[in-house]
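The working numbering applies: residue 39 is where the sequence shown begins, and numbers increase by one. Cβ atoms here follow ideal geometry from the backbone N, Cα and C, with glycine treated the same way.
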Amino acid sequence: MESKHICMLPAPACMDLPPTAGWLRWQLCKIGSLMLPCEWHYGSAFTYGVGRPWPWRETGRGARAPGSSGIPTALSSATGTLYICSSIYSHSFTCRSKYSSFVSPNPYDAFILLCDLVSFLDIFTRFITGYHDEDNKLIVLDKKIIAKEYVRGTFVFDLIGALPLQVYQPHQNCQFPTHTVMFVFKLARLPSLRIKWLEMFQQLSLSYVTTVAIAVVVRALLFFHWMTYIHYQVPAFFSHYYNRDTVWAKRFHMQIPNEAIFQVYTTNLYWVCGICVGAGYFSPVDDYIIPDLLLTTTIGIIGLLFLIYSFTTLLRLFIYGQHDKYLYNGRLKDLEEYMKLKRIPKSLFRKILLFLNYKFHGTYFNEEAILNTINEQIKQDINMHFCKKLVTNIPIFQDMPVAFVNTIIFNLTHALYMPGEIVVSCGETVNCLYMISSGTVSILNSVGKELTHLRDGAYFGEDALYDPDKIRTTTVLTLEITEMYKLSNESYRSCIRPYPHLDDRLRASSVYTSRPNIRTRKYD
């Protein structure tokens, strides 16, 4: 089956899950959505190793027309991007630095050379993968423009990181291997790593706090890991320029016979952590070498700056996460002082606090400002999301044209009732149809006897659409905070006016000639 543009693809199943769905069901749907095409793809799908063209519409200069060749390409899912990120960079940022601790590492190791080959393949795919031009707000798929921008960007750094520089040995026949110092050039691929991981986080739809927190943890692991590598590798390299090999080996626990790699790694990691936090070495050393002093000073300054950066970032995240609560508590305190000044009764005071807690849930947001930032179409989509099932649950609106149902939804009025409020009273004339979005109401007869309860999805008062002067024989009382949507007789008449044949059909419907029935949720 031909691939489709992301806008044409069906929505993930998790978008239709009810709010009461269990945690496991949500996680399974989330995992399934990761296999869908990325919203940030900039080319054709690369599915199971076969490039298939996406039917792109023209989006500006460089956009590819439908039916063109399978390149430029882009990965089709976030799981594919995660695989590429892990396969290309795991060896560069974890395995290679630890690989230098072996007694006699082979510069032509097959695994290392294979990783370099994968890095070159990644560079090749970058030349044929489109990108998003943020300045001009368009997707660029022209191969010449892609190559030009990549060369001007991170191409040089990616090329340096992909070259097998470890085959070059600065010193021959030395006590400690020197070619492993070339692994430090793999750090040049950090900018590309950052771009790929940002794209993956975007596809995973993680929150800002979660994304930044994960970034801080990953950066901390990479920082201390590579500082450990440098703390070991610099003495191993510079020891060949001095006649104090024994001092260097004892000081930095460089690999010597009968000493495990894990011991070397953990010892250097321990010293790096001590230098970064300002504790220094646990014991003084009489012999000092200039590279030793420079190394210790550099690691200490860089480590201190990194820890300050990490601490301030985490502090900023904490303040960001608590900002809404602080703002809510501040506004709530002002409101409490105002109500005390006006000497509002305690019953009304508790009622106001209950309403605020229900609406804001301990946080603060400006609903009016939020709605002003979105267009009318999105507002209509929000109304459709909340009200479509409520409307189609009513028998008289089932099997109706979509346009008519949408018109009904757009004319609904939202209403919120506190516990104990009377929605409609017995003996009144009501000209509205009520649909319960959330909450519970009690139906009472004329003598105050409770008949039943109505909950989420129920409705009452549909006779008012054709007989607004009808006297109600029941009273509707809310038992908890209840959200409803109302459709007035005037709004309904304006909706049905373009559909006279539907008007006659609904007027003659047996729904309006039947007597009240508790099982059908009809109360007039």
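Candidates the options: closest to residue i by CA position
i, options, result
"SER526", "VAL194, HIS539, GLU500", "GLU500"
"HIS269", "THR430, ASN421, TRP309", "TRP309"
"GLY465", "ARG510, ASN449, LYS397", "ARG510"
"LEU152", "ASN174, ILE346, LEU201, THR167", "LEU201"
"CYS311", "ILE184, MET265, THR336", "MET265"
"MET473", "THR451, THR467, ILE460", "THR451"
"GLY400", "ILE177, VAL250, ARG369", "ARG369"
"SER157", "LEU489, TYR188, ARG227", "ARG227"
"GLN415", "PHE435, ASN444, TYR402", "ASN444"
"ALA317", "LEU386, LEU342, ASP154", "LEU342"
"THR305", "PHE262, TYR497, LEU244, THR411", "PHE262"
"GLU518", "TYR396, THR216, ILE233, VAL194", "TYR396"
"GLU528", "TYR504, LEU365, ASP542", "TYR504"
"VAL205", "LYS181, ASN144, LEU244, PHE498", "ASN144"
"VAL462", "ILE432, GLN436, TYR497, ILE447", "TYR497"
"LEU332", "VAL250, PRO273, LEU454, GLU374", "PRO273"
"GLY458", "ASP419, THR411, THR516, ASN404", "THR516"
"ASN422", "ALA441, VAL514, GLU406", "In the sequence as displayed, the identity of residue 422 is Met instead of Asn. That would be ALA441, whose Cα lies nearest to the Cα of MET422."
"LYS487", "VAL514, ARG493, GLY495", "VAL514"
"GLY495", "PRO433, SER484, ASN483, LEU544", "PRO433"
"VAL302", "TYR267, THR336, ILE328, GLN240", "TYR267"
"THR478", "VAL485, SER484, LEU471, ILE460", "ILE460"
"ARG543", "PHE435, ARG493, SER532", "PHE435"
"GLN418", "LYS389, THR163, ILE446", "ILE446"
For residue i, the first and last residue of its enclosing alpha helix (DSSP H)
i, result
"GLU518", "Unbroken run through GLU518: none, as it is neither H nor E."
"THR334", "328 to 379"
"HIS263", "246 to 276"
"ILE432", "Premise fails: ILE432 is in no alpha helix (DSSP H) and is neither H nor E."
"LEU203", "Neither: LEU203 is in no alpha helix (DSSP H) and is coded neither H nor E."
"ILE390", "384 to 398"
"ILE408", "405 to 410"
"ARG164", "148 to 165"
"SER532", "527 to 534"
"HIS217", "Segment: none, HIS217 is in no alpha helix (DSSP H) and carries neither H nor E."
"VAL302", "299 to 314"
"VAL443", "440 to 448"
"PRO538", "538 to 545"
"PRO229", "228 to 242"
Supposed contact pair residue j and residue i - C-beta distance, whole angstroms, cut 8 Å
i, j, result
"ILE481", "THR512", "5 Å"
"PRO506", "ASN449", "The pair is not a contact, with the Cβ atoms about 15 Å apart (cut-off 8 Å)."
"LYS224", "GLY199", "5 Å"
"PHE275", "VAL219", "5 Å"
"PRO229", "PHE195", "6 Å"
"PHE424", "SER475", "7 Å"
"LEU428", "TYR523", "6 Å"
"ILE357", "GLY338", "Not really, about 29 Å apart at Cβ, beyond 8 Å."
"MET456", "PHE393", "6 Å"
"ILE161", "LEU203", "In fact, because the Cβ distance is near 15 Å, the residues do not count as touching under 8 Å."
"PHE165", "TYR188", "6 Å"
"VAL250", "LEU355", "6 Å"
"LYS508", "THR467", "7 Å"
"GLY168", "ILE150", "That belief does not hold up - the Cβ atoms of GLY168 and ILE150 are roughly 31 Å apart, past 8 Å."
"ASN483", "LEU492", "No, ASN483 and LEU492 are not in contact; Cβ-Cβ is about 14 Å, not under 8 Å."
Span of the beta strand (DSSP E), counted from its first residue to its last, around residue i
i, result
"CYS470", "470 to 476"
"ALA185", "Per DSSP, ALA185 belongs to no beta strand (DSSP E); it is in the alpha helix (DSSP H), 181 to 190."
Per DSSP, cross-strand counterpart(s) of residue i
i, result
"LEU176", "ASP171"
"ALA453", "MET522"
"HIS491", "SER480"
"VAL462", "VAL514"
"ILE509", "THR467"
"TYR497", "MET473"
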